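Numbering (the numbering used here), first residue to last: 2 to 192.
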């Protein structure tokens, strides 16, 4: 990638502001003449990092498309992190998870049903924002994304939780979370 453009607001497919065409684009990875370019809406980018428990982050989402595109195609098969033998199981896992979403039996954002490329980007948002929750609810998907991104975020979250609670009184299920979110410990981002 050569350049990341930060736009002052959301934009349309002609890169104009004001949403005159009814389009509302938060971010995109360029193709064709715009290859090697990423465009992000500044307010949505900021919001994605301010709210890091909603499993939505346009920055993570668009960078996941770049990981997807590493093999030359934005097709939902990551261009890095999966060897040839892992591609078939990945495609099968994506198909099964999309069926779960379609049946209303998943907490993965329904935007993932758009296509396989969006599935990868949406689940990357989930993986980076709520790794422990993903591991608990979608262990096979967590394992696959752990290989793709070469990150064990659950272990990091557990270590962070231990660090935050070391030398402090034990927390109960309904205690305030030590991260300062104001939420109950059992519902916190560090669960």
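Quick reminder that beta carbons are idealized off the backbone N, C-alpha and C, glycines included. This structure is a prediction, so every number in the text was calculated from the model and none was measured.
Going by C-alpha distance, which of 162, 3 and 40 is nearest residue 15?
Taking the chain shown and counting its residues from 1, the one referred to as residue 15 is at position 14. If we check each option's Cα against that of residue 15, 40 comes out closest.
Could you tell me the alpha carbon to alpha carbon distance between residue 176 and residue 182, rounded to whole angstroms?
Taking the chain shown and counting its residues from 1, one reaches residue 176 at position 175. Taking the chain shown and counting its residues from 1, one reaches residue 182 at position 181. Roughly 12 Å separates the two Cα atoms.
First through last residue of the alpha helix (DSSP H) which encompasses residue 144
For this step, residue 144 is matched to residue 143 along the chain shown. Its alpha helix (DSSP H) spans residues 140-150.
Endpoints, beta strand (DSSP E) assigned at residue 5:
For the purposes of this step, residue 5 is taken as the residue at position 4 of the chain shown. Unbroken beta strand (DSSP E) run through residue 5: 4-8.
Of the residues 152, 77 and 119, the one placed nearest residue 132, counting alpha carbons only:
The residue labelled residue 132 in the question sits at position 131 within the chain shown. Answer by Cα proximity: 152.
Measuring CB to CB, does residue 118 end up less than 8 Å from residue 75?
Here the question's residue 118 lines up with position 117 in the chain shown. Here the question's residue 75 lines up with position 74 in the chain shown. Result yes, Cβ atoms of residue 118 and residue 75 sit closer than 8 Å.
Closer than 8 Å is the cut-off here; do at least three beta carbon pairs connect the stretch 57-68 with the stretch 25-37?
yes
Going by DSSP, name the residue or residues bridged to residue 29.
The residue you call residue 29 lines up with position 28 of the chain shown. According to DSSP, which records beta bridges pairwise, residue 29 is partnered with 40.
Between which two residues does the alpha helix (DSSP H) holding residue 53 run?
Position 52 of the chain shown, counted from the first residue, corresponds to residue 53. Unbroken run through residue 53: none, as it is neither H nor E.
Could you check whether residue 77 and residue 116 sit closer than 8 Å to each other, using their CB atoms as the reference points?
As a position in the chain shown, residue 116 is number 115, starting the count at 1. As a position in the chain shown, residue 77 is number 76, starting the count at 1. Contact flag set, yes.
Check whether residue 59 and residue 45 have beta carbons under 8 Å apart:
Residue numbering aside, residue 59 sits at position 58 when the chain shown is read from its first letter. Residue numbering aside, residue 45 sits at position 44 when the chain shown is read from its first letter. Yes, the Cβ-Cβ distance between residue 59 and residue 45 is below 8 Å.
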